[in-house]
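The sequence shown begins at 33 in our numbering and counts up by one.
A virtual CB, placed ideally from N, CA and C, is assigned to each residue, including glycine.
Remember, it's a predicted structure, so these values are computed and weren't measured experimentally.
Take a look at the structure below.
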Amino acid sequence: MSALAAIGSSLRELARVRAALFGLELREEGRRGAELLVLAATAAVLLHLSLLMAAAFIVIAFWDTHRLLAAGATGLLYGASALAIFLRLRIRAAGLADAFPATREEFRQDFAAARARP
């Protein structure tokens, strides 16, 4: 009976340590996600304002000679900027797939050790 109690105690301690590690990594991921969100929102607002100013400048500068070309060029500017931002966001989102590396590694080692025991 004492052996079962010792095993139970070990399992509780193991679970407590893993839960603490998971909690720590969860807080880190939350901070990282919040930082990314703030940066993305700020960049979006500033980019939008700069694109509006650039579009207005181009259209006003070419209004008398090439209206359609100026409007089309500003549309292409918006499209190219949106594509660049989307590609950058996709690269950053791929980096988020590697969340909780220490917790996953600890669990991998735990399972490997459990399989190795007879």
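What separation, rounded to the nearest whole angstrom, lies between the Cα atoms of serine 33 and alanine 72?
Looking up residue 33 in the sequence shown gives position 1. Looking up residue 72 in the sequence shown gives position 40. In the sequence as displayed, the identity of residue 33 is methionine instead of serine. Looking at the two C-alpha atoms, the distance is approximately 57 Å.
Beta-carbon proximity check, isoleucine 92 vs threonine 106, cutoff 8 Å
Reading the sequence shown from its first residue, position 60 is the one you call residue 92. Reading the sequence shown from its first residue, position 74 is the one you call residue 106. Not a contact, by the Cβ cut-off of 8 Å.
Where do the ends of the alpha helix (DSSP H) carrying methionine 33 lie?
The residue given as residue 33 occupies position 1 in the sequence shown. First-last for methionine 33: undefined, no H or E at that position.
Does the segment 131-145 come into contact with the segment 37-53, if we say contact requires no fewer than three beta-carbon pairs (one atom in each stretch) closer than 8 Å?
yes
Would the segment 42-51 and the segment 111-125 be scored as touching if the rule is three or more Cβ pairs under 8 Å?
no
Closest residue to leucine 75 among Ile117, Leu58, Gly104 (Cα-Cα distance)
To locate residue 75, count along the sequence shown from 1; it is residue 43. At residue 75 the sequence reads alanine, which differs from the leucine that was named. Of the candidates Ile117, Leu58, Gly104, the one whose C-alpha sits nearest the C-alpha of alanine 75 is Ile117.
What is the DSSP secondary structure of threonine 97, reduced to helix, strand or coil?
Position 65 of the sequence shown, counted from the start, is the residue given in the question as residue 97. In this structure, threonine 97 counts as coil in the three-state DSSP scheme.
Go through its chain and collect everything with a Cβ distance to glycine 65's Cβ below 8 Å, but skip five positions before and after it.
Counted from its first residue, the sequence shown places residue 65 at position 33. Same-chain partners within the cutoff: Leu128.
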